[in-house]
Each structure stands twice: as C-alpha cells, then as structure tokens.
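>
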Amino acid sequence: MLKNVCRQKNASLHNTEEEIKKMIKENIAWKANLPIQVLIADIKEWPIHFHNDIEVIYVLKGSVNIKSGGYAYRLSSGDIFIVNANEIHSIEEDAEENMVFCCHINKEYFTRYYPELENRFFFIRSKMQHSDGTEILRDRINQAMLEIMEKGRHYKDKVVETTHNMVAHMLASFSYSLEEGEQEERSGSKVLTRRLIRIINYICKNYSRKLTLNEIAERENLSIYYLSHIIKEYTGMSFQDFLNYLRAHESTALLTGTSKKISVIAEEMGFSAVRYYTKHFEISYGITPQEYRSRYKQGMLSRYDAGLLCKYSRSAPEDIKKVLKSRSEDLNRESLFRNITEPVIIEADISDVNAFAAKENLFPGRLFSTETMKPIARLYNIMDSFHEKVIASGINYVIAAAENDAGAAESLSILMYNLNDDICDELRQASFDKAAVLKCVENVDIDTDFLVKIKGLSGKYTVNRYKMSRENAITTYEDAINKQNFIGRRQMILNNWRTFPSIDFRQISVKTTLNLISRLSGFSAELILIDRVDDAK
2 MLKNVCRQKN ASLHNTEEEI KKMIKENIAW KANLPIQVLI ADIKEWPIHF
52 HNDIEVIYVL KGSVNIKSGG YAYRLSSGDI FIVNANEIHS IEEDAEENMV
102 FCCHINKEYF TRYYPELENR FFFIRSKMQH SDGTEILRDR INQAMLEIME
152 KGRHYKDKVV ETTHNMVAHM LASFSYSLEE GEQEERSGSK VLTRRLIRII
202 NYICKNYSRK LTLNEIAERE NLSIYYLSHI IKEYTGMSFQ DFLNYLRAHE
252 STALLTGTSK KISVIAEEMG FSAVRYYTKH FEISYGITPQ EYRSRYKQGM
302 LSRYDAGLLC KYSRSAPEDI KKVLKSRSED LNRESLFRNI TEPVIIEADI
352 SDVNAFAAKE NLFPGRLFST ETMKPIARLY NIMDSFHEKV IASGINYVIA
402 AAENDAGAAE SLSILMYNLN DDICDELRQA SFDKAAVLKC VENVDIDTDF
452 LVKIKGLSGK YTVNRYKMSR ENAITTYEDA INKQNFIGRR QMILNNWRTF
502 PSIDFRQISV KTTLNLISRL SGFSAELILI DRVDDAK
C-alpha cells in the first residue's frame with residue numbers, strides 16, 4: 002500500500018554543488034512515433050530529476066521509495082503514483098527486489114486533445130489506491146503493457162487509443178486545478194504539490210529572462226523567506242542555483258544543435274555575462290560549454306542523456322509475463338503468453354541455374370484439401386491457382402515463381418503458415434469436423450518469426466502482402482458452425498469485419514537481395530506476392 006512516510010528533511014545539509022551535479026532534467030526520447038515511452042525494470046536508484054512530461058509509476062512487484070513534492074512515499078505492489086510535468090522526484094529501491102512500470106506520457110501531444118492538461122495536476126492519495134478509479138487505471142496500464150509487448154497488428158494505433166483512455170480517466174478521477182479556490186477536500190501534501198508545480202512551471206517558462214525570487218513570491222502571495230525555504234527543501238538548491246542549473250541545461254540544445262557563439266547562447270539563456278554562464282555550466286556538467294560542444298556535437302551522449310546516473314536493470318519479458326498473468330485472468334487468453342519458437346530462415350537464389358528445376362513440394366498442401374479446411378485454406382488455394390514452379394519449400398512455407406521467356410523470375414509467391422509437425426497431425430485428425438478444427442486453431446500457442454532471403458532480384462518490384470490472423474481463422478469457423486443460428490445484422494457485419502485479412506501494398510527497388518520479415522502469432526498465415534514492375538508501362 003502507498004504510504005506517506007515522512008516530510009523530507011531540509012536539503013541544506015548537503016553540499017550545493019553536489020546537489021546540482023545530481024540533478025537531471027530528463028529529456029524523453031519518443032520512439033516508434035508513439036506519444037508514450039515505457040520502461041519496466043528493477044530500479045535500484047533513479048536520482049533526483051524532472052521532465053516536461055507526465056509519468057505514471059506502477060509497482061508490479063516488490064516495493065520502492067519515492068520522494069516528490071516535499072514528501073517521501075513507500076509504494077508497494079499494485080500501487081500507482083503519478084508524477085506531474087516539472088515535478089522534481091526520485092526513486093530508490095526498498096528492501097526487496099522490485100518490478101516497476103514507468104510510463105512517460107507526452108504532455109505536448111495530449112494537450113492538443115485535452116487543453117485542460119495545461120492547468121491541471123494529478124494527485125493520488127493513499128486511501129484512493131483501492132478505489133474503483135484506481136482499479137480502472139490499473140486495467141488501462143495492463144492493457145497498454147500488453148499491446149506494447151505483443152506488437153500485434155496496428156499495435157501503435159491501439160497503444161495511442163489506450164493512452165487516450167488513460168489520460169481521460171486520469172483527468173476525470175485524479176486531477177485538480179493548479180489555481181487556488183477549487184472546492185475540494187484539502188490535504189497538506191496536495192496543497193504543497195500544487196504550489197510547487199506552479200512555481201517550477203513558472204521558472205521553466207521564464208528562465209531565459211531576468212527572474213527574481215521577489216517576483217515569484219508576489220505571484221504566490223508568499224514571503225521571500227518561506228518561498229526560498231520550500232524551493233531549497235524541494236530541489237536541494239537555492240532559487241538562484243536552480244535557475245542557473247536550468248539555464249545551463251537548456252543551453253545544451255543550442256550548443257549541439259546550432260553554431261551560435263557562446264556569448265550569444267549565454268545571453269539567450271539569461272546569463273548577464275559569459276563568465277557566469279561558464280561557471281554554472283561547469284558546476285552542472287564538469288566541463289566548459291566549448292568542451293561540451295566539441296565532445297557531444299560529434300554524436301556522443303552526455304552522462305545525463307545516457308542515464309549513467311540511473312541504476313536499474315530491465316525486466317526480462319518472461320518475468321513481466323508472469324506478473325501480468327498473475328494480475329489478470331483476461332490476459333491468460335492473449336497471445337502474450339504463447340511460446341516463441343526458433344526463427345525460420347528461408348533462402349532462395351533465383352539467379353541459380355537450377356532455381357527452376359523440378360523440386361519436391363514439402364509443404365503439406367493435402368492438409369487443406371477437404372471442405373472442412375476451406376476457411377483456413379484460402380491463402381494456400383490462391384497460391385495453388387497460379388500454377389507456378391516451386392523453388393523452395395518446407396513444412397510451414399513454400400516459395401514458387403513464374404519465369405519469363407528469358408528464364409528469369411517474373412513474379413514470386415511466398416506462402417507461410419504457422420505450422421509444425423504436431424499441429425499438422427492434430428489438423429489431419431480433425432479435418433472432417435469443423436468444431437474439432439476450430440479447437441485445434443484455438444489451441445495453437447506458438448509465435449514464429451520468418452526471415453525470407455531472396456537473392457538474384459534486380460530492379461523495381463511490387464510487394465503485396467495478405468495476412469490471415471488467428472482471429473480471422475477463428476471467426477470464420479465460428480460463423481460456419483453457427484450459421485444455422487439467427488444473429489442480428491449488426492453482429493453479422495461485426496463478424497464479417499473480423500474475417501478481413503490484413504493487406505499491405507508497396508513498391509521497392511532491389512539491387513541483389515530482398516529480405517522480408519513476417520511474424521505469425523497463433524494459427525495464422527501470410528501470402529506475399531512479388532511482381533516485377535515494367536518501366537515501359
């Protein structure tokens with residue numbers, strides 16, 4: 002259970018320069034064009050830092066200690082903590098091993114859809130950890146983790162949609178106005194959190210101009226002495242030291258991303274003279290601005306960007322699966338818990354003089370010959386109708402080609418089914434009973450990566466991919482079995498949609514070799530058609 006341990010002691014006991022060196026303004030790297038960034042890890046220590054975005058911390062196993070908003074908290078398994086943009090915080094391990102889900106949410110992206118994010122802050126009290134609202138948030142987080150780990154069809158769209166639902170729920174259940182006067186139950190930690198976020202936000206927006214403690218004190222209706230005290234307690238630095246740290250940090254983008262003179266950067270960051278800029282930059286980074294530019298403009302990462310001050314180890318996928326599986330029965334049916342087999346590497350060289358010589362077809366095509374197997378034989382039947390020459394085959398794939406008058410490959414067809422010997426045997430035994438075939442399809446629990454290497458291609462080609470998913474196959478059989486039962490038009494349309502395959506078209510230029518990757522999850526298949534583009538047309 003989340004426990005408010007204690008108010009932090011005054012940080013003035015620490016050496017100021019050491020505190021500045023420990024402070025990190027974290028720049029989140031948004032990968033895969035997603036507005037969220039996820040880390041699941043055993044955290045040892047994540048020193049005091051802050052960032053422009055929202056962070057959701059969810060303890061999956063064990064416990065951790067968090068310092069934030071002038072308070073210290075102990076989070077146990079199942080607890081959730083929301084860190085606001087520009088909220089200074091740190092994370093440390095507790096006595097036991099932990100597994101923590103850290104999700105950064107791109108505030109700039111989501112503010113376009115939820116403008117109220119600009120003037121709201123998030124806060125989850127201890128007594129809310131077992132509320133319905135927190136349980137819904139846990140479900141959203143579990144769903145996002147599942148989608149990210151599976152990386153299934155259109156997973157990016159699903160992750161974005163899930164995160165939208167997460168943000169909307171957080172706003173509805175855990176957000177409060179940054180301005181005073183909203184009618185709500187007051188608590189000391191919430192009031193302080195609101196005030197601190199407001200203060201840090203104001204400093205972050207105005208650091209590049211002359212900014213005084215007196216100006217902020219008047220805005221907040223506080224005495225200069227009290228304001229100075231809470232900034233020191235919250236950040237571990239005086240107001241002026243924090244302001245100069247922020248200026249130094251923000252200048253790094255100009256040092257590495259522009260050719261502006263050091264004197265110009267110093268002025269733009271709000272320093273009155275280059276010597277003050279150099280002094281405070283050295284305190285923060287241990288080197289001068291010139292040295293930083295020379296070292297990191299060449300692509301090297303700073304110790305701050307590389308996260309070398311953070312101590313954690315990423316959790317193994319299998320360990321994450323176990324924790325997720327224990328938390329939700331609904332997840333047990335998902336493909337996340339299938340077995341990942343050894344990759345299948347397929348090679349074919351169509352420039353070889355023997356490429357089109359007669360070869361035995363090792364693919365179990367007869368398996369799909371009965372009427373009962375028709376729903377899952379669609380891709381095989383399409384390929385078989387081309388009557389092309391087989392140039393490579395195995396138990397779960399076949400490659401065929403059509404040659405032109407010059408004996409070169411004019412087109413290629415690549416068929417892959419997620420099969421092995423055991424699955425083929427079970428399907429043969431069930432091949433005259435649709436219900437039995439459906440059960441076999443549902444029970445296939447393997448994921449396979451296929452790497453196809455085609456040598457001897459040269460020129461422009463269209464690559465057309467037609468993929469039948471596990472859900473497509475299951476829905477088709479369910480419809481065939483239940484066709485005698487009446488269903489409404491709406492359900493009939495929904496079922497029809499679920500049978501639609503995934504189709505992708507693109508044109509590529511090939512010099513010598515074309516590599517294609519296909520991941521098949523559960524009972525699924527993919528047909529890839531490659532055709533030469535005639536430039537004369």
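Under this note's numbering, residues 2 to 538 are what the sequence shown spells out, in order.
Think of the CB as a built atom: it goes at the ideal place given N, C-alpha and C, for glycine as much as any other residue.
(1) With a cut-off of 8 Å on the beta carbons, I'd call ASN362 and ASN397 a contact; round off their distance for me.
(2) Would you mind stating whether ARG248 and TYR177 have Cβ atoms separated by less than 9 Å?
(3) Using 8 Å as the Cβ pair cut-off and three pairs as the minimum, do the region 91–99 and the region 31–48 touch?
(4) Over what stretch of residues does the beta strand (DSSP E) that includes SER273 continue unbroken?
(5) State the DSSP-derived secondary structure class of VAL265, mapped to helix, strand or coil.
(6) Output yes or no for whether 9 Å exceeds the beta carbon distance between ILE351 and ALA402.
(7) So with Cβ pairs under 9 Å, would you call ALA401 a contact of chain C?
(8) Count the CB pairs spanning the region 106–118 and the region 159–169 that are closer than 8 Å, and state whether there are at least three.
(9) Please return the same chain residues whose Cβ sits closer than 7 Å to the Cβ of ASP535, not counting the five positions on each side in sequence.
(10) Given ASN202, which residues of its chain have a CB within under 6 Å of its CB, disregarding the five upstream and five downstream residues?
(11) Under DSSP, the alpha helix (DSSP H) around GLN492 begins and ends at which residues?
(12) Could you pull out every residue in the same chain whose Cβ sits closer than 8 Å to the Cβ of ARG429, ignoring the five residues on either side in sequence?
(13) In terms of DSSP beta bridges, what is LYS152 paired with?
(14) Measuring only the C-alpha atoms, how far is ILE232 from THR500?
(15) Taking ILE424 as part of the alpha helix (DSSP H), name the residues at either end of that continuous run.
(16) Can you tell me which of the three DSSP states SER327 falls into?
(17) Check whether the region 450–469 touches the region 374–392, counting contact only when three or more Cβ pairs, one atom from each stretch, lie closer than 8 Å.
(18) Out of THR279, SER264 and TYR293, point me to the one whose CA is closest to THR257's CA.
(19) In the region 429–461, which residue ranges form an unbroken alpha helix (DSSP H) of at least 4 residues, counting only runs that do not cross its ends?
(20) Residues bridged to THR514 by DSSP?
(21) Given a threshold of 16 other Cβ atoms within 10 Å of its Cβ, counted over all protein chains shown, does ARG304 qualify as buried or as exposed?
(22) Can you confirm whether the region 257–267 touches the region 202–217 when touching is taken to mean that 3 or more C-beta pairs between the two stretches lie within less than 8 Å?
(23) Along the beta strand (DSSP E) that carries GLN38, what are the first and last residues, could you check?
(24) Grab the span of the alpha helix (DSSP H) containing LEU217 for me, first residue to last.
(25) Leaving out five residues on either side along the sequence, give the residues of the same chain with a beta carbon under 8 Å from the beta carbon of TYR115.
(26) Alpha carbon to alpha carbon, how far is THR279 from HIS230?
(27) Would you check if the distance between the CB atom of PHE175 and the CB atom of PHE240 is smaller than 9 Å?
(28) I'd like the ranges of any beta strand (DSSP E) spanning at least 3 consecutive residues and lying wholly in the region 58–128.
(29) Can you find the residues in the same chain that come closer than 8 Å, C-beta to C-beta, to ASN85, ignoring five residues on each side of it along the sequence?
(30) Starting from ARG533, trace the beta strand (DSSP E) in both directions and tell me its first and last residue.
(31) Could you please give me the residues that DSSP links to LYS312 through a beta bridge?
(32) Quick one: Cα of ILE509 to Cα of GLY457, how far?
(33) Select from LYS62, LYS440 and PHE364 the residue whose C-alpha is nearest the C-alpha of LYS326.
(34) Is DSSP giving LEU366 helix, strand or coil here?
(35) Could you tell me which of VAL265, PHE451, PRO290 and ALA474 sits nearest to LEU517, measuring between CA atoms?
(36) Expressed to the nearest angstrom, what Euclidean distance is found between the alpha-carbon atoms of ASN444 and PHE524?
Looking at the atomic coordinates:
(1) Position 361 of the sequence shown, counting from 1, holds the residue named residue 362. Position 396 of the sequence shown, counting from 1, holds the residue named residue 397. With a Cβ gap of about 13 Å, ASN362 and ASN397 do not count as contacting.
(2) Reading the sequence shown from its first residue, position 247 is the one you call residue 248. Reading the sequence shown from its first residue, position 176 is the one you call residue 177. Going by C-beta atoms, ARG248 is not nearer than 9 Å to TYR177.
(3) yes
(4) As a working mapping, residue 273 is identified with position 272 in the sequence shown. Segment: none, SER273 is in no beta strand (DSSP E) and carries neither H nor E.
(5) For the purposes of this step, residue 265 is identified with residue 264 of the sequence shown, where counting begins at 1. Three-state result, VAL265: helix.
(6) One-based indexing of the sequence shown puts residue 351 at position 350. One-based indexing of the sequence shown puts residue 402 at position 401. Yes. Within cutoff.
(7) Structure shown: chain C not included; a single protein chain is present.
(8) yes
(9) Position 534 of the sequence shown, counted from the first residue, corresponds to residue 535. Nothing listed; no residue qualifies.
(10) Reading the sequence shown from its first residue, position 201 is the one you call residue 202. The answer, listed in chain order, is ASN87.
(11) Taking the first residue of the sequence shown as position 1, residue 492 is located at position 491. Run containing GLN492: 490–499, per the alpha helix (DSSP H) assignment.
(12) Locating residue 429 in the sequence shown gives position 428, where the first residue counts as 1. Cβ neighbours of ARG429 beyond the five flanking positions: LEU368.
(13) Counting from 1 along the sequence shown, the entry for residue 152 is found at position 151. Answer is none; LYS152 lacks a bridge partner.
(14) Along the sequence shown, one-based indexing puts residue 232 at 231. Along the sequence shown, one-based indexing puts residue 500 at 499. When rounded, the distance between both Cα atoms is 59 Å.
(15) One-based indexing of the sequence shown puts residue 424 at position 423. First-last of the alpha helix (DSSP H) with ILE424: 422–431.
(16) Stepping through the sequence shown from its first residue, residue 327 is reached at position 326. Reduced to three states, the DSSP call for SER327 is helix.
(17) yes
(18) Against the sequence shown, residue 257 aligns to sequence position 256. Just measuring C-alpha positions, the residue of THR279, SER264 and TYR293 sitting nearest THR257 is TYR293.
(19) 435–444
(20) Within the sequence shown, residue 514 is the residue found at index 513, counting from 1. Answer is LYS456.
(21) In the sequence shown, residue 304 corresponds to position 303, counting from 1. Low confidence applies to ARG304: its pLDDT is 41, below 50, so where it sits in the model is not reliable, and the reading given next is rough at best. Its Cβ having fewer than 16 others within 10 Å, ARG304 is exposed.
(22) no
(23) In the sequence shown, counting from the first residue as 1, residue 38 sits at position 37. Unbroken beta strand (DSSP E) run through GLN38: 37–51.
(24) For the purposes of this step, residue 217 is taken as residue 216 along the sequence shown, with counting starting at 1. In the sequence under discussion, the amino acid at residue 217 is Ile, which differs from the Leu named in the question. Residues 214–221.
(25) In the sequence shown, the residue the question calls residue 115 occupies position 114. For TYR115, where only same-chain residues beyond five positions count, the Cβ hits under 8 Å are VAL168, ALA169 and LEU172.
(26) Against the sequence shown, residue 279 aligns to sequence position 278. Against the sequence shown, residue 230 aligns to sequence position 229. Near 27 Å, if we compare the C-alpha coordinates of HIS230 and THR279.
(27) In the sequence shown, the residue the question calls residue 175 occupies position 174. In the sequence shown, the residue the question calls residue 240 occupies position 239. Between PHE175 and PHE240, the gap from beta carbon to beta carbon reaches 9 Å or more.
(28) Qualifying beta strand (DSSP E) stretches, in chain order: 64–69, 72–77, 81–84, 90–94, 100–106 and 121–123.
(29) As a first step, residue 85 is located in the sequence shown; it is residue number 84 there, counting from the start. Result list for ASN85: ILE55, PHE122, PHE123, THR194 and ILE198, in chain order.
(30) Mapped onto the sequence shown, residue 533 falls at position 532. From DSSP, the beta strand (DSSP E) with ARG533 extends over 526–533.
(31) Counting from one through the sequence shown, the residue named residue 312 turns up at place 311. Per DSSP, GLU46.
(32) Numbered from 1 along the sequence shown, position 508 holds the residue referred to as residue 509. Numbered from 1 along the sequence shown, position 456 holds the residue referred to as residue 457. Approximately 15 Å, taken between the alpha carbons.
(33) For this step, residue 326 is matched to residue 325 along the sequence shown. Looking at the Cα atoms, LYS62 is the closest of the given residues.
(34) Stepping through the sequence shown from its first residue, residue 366 is reached at position 365. It should be noted that the sequence gives Gly, not Leu, for residue 366. DSSP places GLY366 within a helical segment (H, G or I) once states are collapsed to three.
(35) Reading the sequence shown from its first residue, position 516 is the one you call residue 517. Nearest option by C-alpha distance: PHE451.
(36) For the purposes of this step, residue 444 is taken as residue 443 along the sequence shown, with counting starting at 1. For the purposes of this step, residue 524 is taken as residue 523 along the sequence shown, with counting starting at 1. Near 8 Å, if we compare the C-alpha coordinates of PHE524 and ASN444.
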